[in-house]
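Before any comments, here is the structure.
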Amino acid sequence: MVSRWNKTDRVLLAFTLVTFAVYAVILITAFWDLPLDIPPEHQFLLLYAHCIPMFFLELLLCRRANWGWRLLLPVLLLAIPGVWFLATAEWYLLAWFMVGWWCVAPVAGCLLAWIVWGAQQSMRHRKGSDET
Numbered sequence: 022m023v024s025r026w027n028k029t030d031r032v033l034l035a036f037t038l039v040t041f042a043v044y045a046v047i048l049i050t051a052f053w054d055l056p057l058d059i060p061p062e063h064q065f066l067l068l069y070a071h072c073i074p075m076f077f078l079e080l081l082l083c084r085r086a087n088w089g090w091r092l093l094l095p096v097l098l099l100a101i102p103g104v105w106f107l108a109t110a111e112w113y114l115l116a117w118f119m120v121g122w123w124c125v126a127p128v129a130g131c132l133l134a135w136i137v138w139g140a141q142q143s144m145r146h147r148k149g150s151d152e153t
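Following this note's numbering, the numbering of the sequence shown begins with 22 at its first residue and continues without gaps.
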């Protein structure tokens, strides 16, 4: 049986895709010319803006997927480019530091999504128990 996506799920998916596309543009423009010579606000967006698509993705996963996918998909989305970067940088300590720093924002986005989802579930549970 295939469950239908409601309007909220479709909006979350659209927000995820649009914000990911914006972050992809930020990433591509940052690395367009090497060596990196981007202004501080571009550096800020490069390091922290990907928390937004990860927030929407994790919130969508909390609503639609089981626990395994809620944990596995964000880890894969961080591990695959992280390991690629580490291998390209020959596993130097500075590369580990950079990957760790790069992962802070999406992990924060995931944690915030879990908090929002948990608060929503708590309110739904309280509302259901108040009616009885």
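Glycine included, each C-beta is placed from N, C-alpha and C at the ideal position.
Isoleucine 73 sits buried, since 16 or more C-beta atoms from the chains shown fall within 10 Å of its C-beta. Around the beta carbon of leucine 114, fewer than 16 other beta carbons lie within 10 angstroms, which makes this residue exposed. Straight across, the Cα-Cα distance linking tryptophan 135 with alanine 100 is about 20 Å. By the C-beta criterion, the segment 63-83 is judged to be in contact with the segment 123-130, since at least 3 inter-stretch pairs fall below 8 Å. DSSP, reduced to helix, strand and coil, places proline 60 outside both helices and strands of the structure shown, so it counts as coil. If you draw a straight line from the Cα of tryptophan 112 to the Cα of glycine 103, it is about 11 Å long.
Per DSSP, reduced to three states, the secondary structure at tryptophan 122 is helical. Boundaries of the alpha helix (DSSP H) harbouring glutamate 79: 72-85, taken from the DSSP string. By alpha-carbon distance to alanine 86, the top candidate from Val120, Pro61, Trp138 is Trp138. When the alpha-carbon of tyrosine 69 is set against those of Lys148, His146, Phe106, Ala45, the nearest one is in Ala45.
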